[in-house]
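These notes concern the structure reproduced below.
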Amino acid sequence: MKISIERGPLSRAIGQAQSVVERRNTIPILANVLIEAEGDAVSFRATDLDIEVVDRVPAQVDQPGAVTVSAVLLHEIVRKLPEGALVQLSDDPTSGRLNVRAGRSSFQLATLPKEDFPVMASAEYGSNFTAPARDLRRLFDKSKFAISTEETRYYLNGVYLHVATGEDGPALRCVATDGHRLARVDAPLPEGAADMPGVIVPRKTVGELRKLLEDDEAEIAVSVSETKLRFATAEITLTSKVIDGTFPDYSRVIPTANTRRLEVDAAEFARAVDRVATVSSERSRAVKLVLEDDRLVLSVTAPDSGTAEEELAVAYADERLEIGFNAKYLLEIAGQVDRENAVFLFNAPGDPTLMREGGDPSAIYVVMPMRV
Amino acid sequence: MPALCRDCLVTLPAAAARCPACGRPRVLAHPELFALSIAHVDCDAFYASVEKRDAPDLRTRPVIVGGGRRGVVSAACYIARIHGVRSAMPMFQALRLCPDAAVIAPRHDRYAAVSRAIRARMEALTPAVEPLSLDEAFLDLTGTARLHGAPPAVLLARLVRDIEAEVGVTASVGLSHNKFLAKIASDLDKPRGFSVVGRAETEAFLRDRPVGVIWGVGAAAQAGLSAAGIHRISDLLRWDEAALVARFGAQGARLWRLARGIDARPVSADAPVKSISNETTFGEDIAAPELLGAHLWRLSEKVADRAKAHGLAGRVVTLKLKRADFRLLTRRSSLREPTQMADAIWRAADPLLAAEAPRAPFRLIGVGLSDLGPAGAADRTGDLLDAQHARRAAAERATDAIRARFGAGAILRGRALGPGDGAG
Chain A
1 MKISIERGPL
11 SRAIGQAQSV
21 VERRNTIPIL
31 ANVLIEAEGD
41 AVSFRATDLD
51 IEVVDRVPAQ
61 VDQPGAVTVS
71 AVLLHEIVRK
81 LPEGALVQLS
91 DDPTSGRLNV
101 RAGRSSFQLA
111 TLPKEDFPVM
121 ASAEYGSNFT
131 APARDLRRLF
141 DKSKFAISTE
151 ETRYYLNGVY
161 LHVATGEDGP
171 ALRCVATDGH
181 RLARVDAPLP
191 EGAADMPGVI
201 VPRKTVGELR
211 KLLEDDEAEI
221 AVSVSETKLR
231 FATAEITLTS
241 KVIDGTFPDY
251 SRVIPTANTR
261 RLEVDAAEFA
271 RAVDRVATVS
281 SERSRAVKLV
291 LEDDRLVLSV
301 TAPDSGTAEE
311 ELAVAYADER
321 LEIGFNAKYL
331 LEIAGQVDRE
341 NAVFLFNAPG
351 DPTLMREGGD
361 PSAIYVVMPM
371 RV
Chain B
1 MPALCRDCLV
11 TLPAAAARCP
21 ACGRPRVLAH
31 PELFALSIAH
41 VDCDAFYASV
51 EKRDAPDLRT
61 RPVIVGGGRR
71 GVVSAACYIA
81 RIHGVRSAMP
91 MFQALRLCPD
101 AAVIAPRHDR
111 YAAVSRAIRA
121 RMEALTPAVE
131 PLSLDEAFLD
141 LTGTARLHGA
151 PPAVLLARLV
161 RDIEAEVGVT
171 ASVGLSHNKF
181 LAKIASDLDK
191 PRGFSVVGRA
201 ETEAFLRDRP
211 VGVIWGVGAA
221 AQAGLSAAGI
231 HRISDLLRWD
241 EAALVARFGA
251 QGARLWRLAR
261 GIDARPVSAD
271 APVKSISNET
281 TFGEDIAAPE
291 LLGAHLWRLS
301 EKVADRAKAH
311 GLAGRVVTLK
321 LKRADFRLLT
331 RRSSLREPTQ
341 MADAIWRAAD
351 PLLAAEAPRA
361 PFRLIGVGLS
371 DLGPAGAADR
381 TGDLLDAQHA
391 RRAAAERATD
401 AIRARFGAGA
411 ILRGRALGPG
421 DGAG
């Protein structure tokens, strides 16, 4: 194999590859990226056995071939090369090394046999459709903060992507929850997606997928089966196993009868929460909200370090309410609001609270209160 | 030799077979009886006793607390112990030994409430109460004789008599001149025991005991000591301090002191606790996942009990395993929120254990809780997906609210007055 490739696209492809490979793995080949050169393109393939990313980059192929080399090492090298450099990759069958050459730098890297590289078995995808990148980006960006890291409830370690009936008709929906908060985000249902099976997209896949969704105008080809899903742009194909489990029936935890309504400027609210939470040294910093007559008083009492209080003018016309929350959770859900005011709907101080953006039901958030 | 009737609390100038005042036989005599003031009070078969207290028809039956899905004995009453049932024994084995035992699932909130009632009584005697768990504590009664108008031995006898009569569980007392000896003593005469180890007899008292009586000397340490020819405390006495330190490190200095009955640790009500852990070494290596899980559950309960006793909650759960070749594995998991609940500790540790299952068999399992803070910050957020969790949190919130408003001591003592108290 002998190829010449620009540093820019190489860096992007190898950057994605090195974020997929598992750093703490015990199988050496899984630390490697498989580089395959053919025609006028080079593909970079990386896998952790759960996710596989293939990134095709245009290149000058002088001699087709394939080789595997440490993804992290190659990434570090490429990262340190000057911008605009032309990089030559060629394998030396006698030494079994990969030569990396750019300007006056040259590296010889150990390789492993390409035959050992595990290629993910392809699946029968029963559902194929295309979705706008910006819709997918919104679905995952607004829900991923609520993904659980708790290993016991592994079926919460991802975003539940499924078809649902939203307020405005059929929707492609993402739901994530860790038991303390829940995010439910809807997008218009793409044509051909109606019979898609619901799948739990693992946290790591959500992170890798994000890199395919930067371009506002792009259309993403989505393929879904019961066990795998695939997202593809013209250059990148991301295939992932889905979490084998049943996502809980989230509809019963979304409050429907919360009547106490608070409307507040989300950014102002977030800044105030952040300020008062400063005095608390606990990591789960509890903020108390007292609501009465268009006034919201936020306060934090930290026995060791002090107290803080801030008052905000808000729209609140219901009976007086005192309720506590983890400051981090409030900041996270307030951070999802980008156009209108945040609308909170409360019930009793021990009950889940609902938040949405203005009157928009396409993204709603539920958060459990905290004893204060 | 000064003596004391443990039933009517009369003090006597000399030992007697029966108390001349009340005629009962529980007369305690010891030359240093009224000169010692460090005590260890340990409830007898605590969980099982609480269950018997709450259901009097169980009183004459063997009772085993534990089992359920996790299947090991958490506690066995003395009747069950006669049949050979022991803590940490798999439930099927316990039931083979004692088929007519009543098996009761542990009710930790209940035990915590009873423990608080007992603690309140201890704290009425001295501020220097150092709880070790829900069912045991050290008390330093030095200098309290004038305040209470009676020497420590009398106060302790009254304490356990009152706990028995009013709280409904029995306890055993070890009275000595330091914590190490008091703790050994409380175990000598269980149940309803009262043992005294004086200064004069300290060395003779320790000499023939196995080194395992020293706190922290478990099976592994015993094996190490045994390799050096040390089986009994008397074997330790033959070593000079430098030699023990050379062989066993810092632990060696501790062994040298404790073998001589020297223990200067104060009884401290608020000793800073950095982590709470419990571990157990098996008689033979265990590979069966259910059995390992069962031990893990029992240890999680113990850790939670101690966290509750100290009013602490932790955010990091650590699993410790020792493989058959003595190699130690530790795995940790951080929680979203600090906890002091056995269930939450177990739920964090169990997946860690499952992940290490291929490395079984193990000779030791332990679980620890660290990154500790005040319990006020613990378990404060409900779980959207777990209705059970929400109910527990609600109950705890209510208890805490009452405590915060009226003060811990007052409300707890009030609760302890009737056997049907609704705490927990």
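Those protein sequence lines, which keep their order, are chains A and B.
For the first sequence, UniProt numbering assigns the number 1 to the initial residue and increments by one for each residue that follows.
For the second sequence, UniProt numbering assigns the number 1 to the initial residue and increments by one for each residue that follows.
Here a beta-carbon is modelled for each residue, glycine too, at the ideal position from N, C-alpha and C.
Just the Cα atoms here: how many angstroms apart are residue i and residue j?
{"i": "Arg-45(A)", "j": "Glu-52(A)", "result": "7 Å"}
{"i": "Ala-15(B)", "j": "Ala-80(B)", "result": "34 Å"}
{"i": "residue 379(A)", "j": "Val-163(A)", "result": "Past the boundaries of the shown model lies residue 379(A); chain A is included only from 1 to 372, so the question cannot be answered."}
{"i": "Ile-82(B)", "j": "Arg-347(B)", "result": "34 Å"}
{"i": "residue 376(A)", "j": "Arg-138(A)", "result": "The shown model of chain A, from 1 to 372, leaves out residue 376(A), and the question about it has no answer."}
{"i": "Ser-4(A)", "j": "Gln-60(A)", "result": "5 Å"}
{"i": "Asp-62(A)", "j": "Ala-218(A)", "result": "32 Å"}
{"i": "Leu-299(B)", "j": "Gln-340(B)", "result": "13 Å"}
{"i": "Lys-52(B)", "j": "Val-63(B)", "result": "8 Å"}
{"i": "Ile-364(A)", "j": "Val-41(B)", "result": "55 Å"}
{"i": "Asp-178(A)", "j": "Ser-334(B)", "result": "14 Å"}
{"i": "Ala-150(A)", "j": "Ala-354(B)", "result": "Just to set this straight, residue 150(A) is Glu in the shown sequence, not Ala. The alpha-carbon atoms of Glu-150(A) and Ala-354(B) are separated by roughly 14 Å."}
{"i": "Glu-396(B)", "j": "Ala-171(B)", "result": "In this predicted model, Glu-396(B) has a pLDDT of only 48, less than 50, meaning its place in the structure is not dependable; the value taken from the coordinates is given anyway. Their Cα atoms are separated by approximately 27 Å."}
{"i": "Ala-266(A)", "j": "Glu-115(A)", "result": "54 Å"}
{"i": "Val-242(A)", "j": "Gly-207(A)", "result": "14 Å"}
{"i": "Leu-312(B)", "j": "Ala-375(B)", "result": "4 Å"}
Consider the C-beta atom of residue i and the heavy atoms of the ligand COA; say whether any pair is separated by less than 6 Å.
{"i": "Ile-3(A)", "result": "No copy of the ligand COA occurs in the structure displayed, which carries no ligand at all."}
So, helix, strand or coil for residue i, using DSSP?
{"i": "Ile-82(B)", "result": "helix"}
{"i": "Leu-213(A)", "result": "coil"}
{"i": "Tyr-316(A)", "result": "strand"}
{"i": "Thr-287(A)", "result": "The sequence shown places Val at residue 287(A), not Thr. It is a strand residue."}
{"i": "Ile-286(B)", "result": "strand"}
{"i": "Phe-44(A)", "result": "strand"}
{"i": "Ile-200(A)", "result": "strand"}
{"i": "Arg-18(B)", "result": "coil"}
{"i": "Glu-356(B)", "result": "helix"}
{"i": "His-180(A)", "result": "coil"}
{"i": "Tyr-160(A)", "result": "strand"}
{"i": "Ala-348(B)", "result": "helix"}
{"i": "His-30(B)", "result": "coil"}
{"i": "Thr-142(B)", "result": "coil"}
{"i": "Gly-212(B)", "result": "helix"}
{"i": "Thr-205(A)", "result": "helix"}
My assumption, with CB atoms under 8 Å, is that residue i sits in contact with residue j. Please give the rounded CB distance.
{"i": "Val-72(A)", "j": "Val-20(A)", "result": "That belief does not hold up - the Cβ atoms of Val-72(A) and Val-20(A) are roughly 11 Å apart, past 8 Å."}
{"i": "Val-27(B)", "j": "Leu-9(B)", "result": "About 11 Å; that fails the 8 Å criterion."}
{"i": "Thr-47(A)", "j": "Leu-74(A)", "result": "Not a contact, Cβ separation roughly 16 Å."}
{"i": "Ala-123(A)", "j": "Lys-228(A)", "result": "4 Å"}
{"i": "Ile-214(B)", "j": "Leu-258(B)", "result": "5 Å"}
{"i": "Ile-262(B)", "j": "His-177(B)", "result": "Wrong, their Cβ atoms sit about 10 Å apart, outside the cutoff."}
{"i": "Leu-58(B)", "j": "Ala-102(B)", "result": "6 Å"}
{"i": "Val-69(A)", "j": "Leu-109(A)", "result": "5 Å"}
{"i": "Asp-215(A)", "j": "Ser-127(A)", "result": "Not a contact, Cβ separation roughly 23 Å."}
So which residues of chain B does residue i contact, with C-beta pairs closer than 7 Å?
{"i": "Leu-182(A)", "result": "Leu-384"}
{"i": "Met-370(A)", "result": "Arg-380, Thr-381"}
{"i": "Pro-248(A)", "result": "Leu-385"}
{"i": "Thr-94(A)", "result": "Here the premise fails: no neighbours, minimum Cβ distance about 40 Å."}
{"i": "Asn-326(A)", "result": "Thr-381"}
Just the chain A side, please: which residues come within less than 9 Å of residue i by C-beta, in chain order?
{"i": "Thr-170(B)", "result": "Going along chain A, no residue has its Cβ under 9 Å from Thr-170(B), so there is no contact; the nearest lies around 36 Å."}
Which bits of chain B does residue i rub up against, with CB to CB less than 8 Å?
{"i": "Val-199(A)", "result": "Here the premise fails: no neighbours, minimum Cβ distance about 19 Å."}
{"i": "Asn-99(A)", "result": "Residues of chain B passing the Cβ test: none, with the nearest at roughly 40 Å."}
{"i": "Val-366(A)", "result": "Leu-384"}
Output, in chain order, the set of chain B residues within a Cβ distance shorter than 9 Å of residue i.
{"i": "Pro-352(A)", "result": "Gly-382, Leu-384"}
{"i": "Val-253(A)", "result": "Leu-384, Leu-385"}
{"i": "Ala-218(A)", "result": "Neighbours of Ala-218(A) on chain B: none; closest Cβ ~35 Å, over 9 Å."}
{"i": "Val-163(A)", "result": "In chain order: nothing, as chain B lies at least about 22 Å away."}
{"i": "Thr-177(A)", "result": "Leu-384, Leu-385"}
{"i": "Ala-257(A)", "result": "Chain B residues near Ala-257(A): none, gap ~16 Å exceeds 9 Å."}
Residues, ordered as in the chain, of the stretch 322 to 350 of chain B that lie near chain A by beta-carbon distance below 8 Å: Ser-333, Arg-336, Glu-337, Pro-338, Arg-347, Ala-348, Asp-350
Contact set between the stretch 6 to 26 of chain B and chain A, restricted to residues whose Cβ is under 9 Å from the partner: none
Positions along the stretch 136 to 160 of chain A whose CB lies within less than 9 Å of some CB in chain B: Ser-148, Thr-149, Glu-150, Glu-151, Thr-152, Arg-153, Tyr-154, Leu-156
Chain B contacts from the stretch 292 to 316 of chain A (Cβ-Cβ distance under 7 Å): none
Chain B contacts made by the stretch 335 to 362 of chain A, where a contact means CB separation under 8 Å: Gly-350, Pro-352
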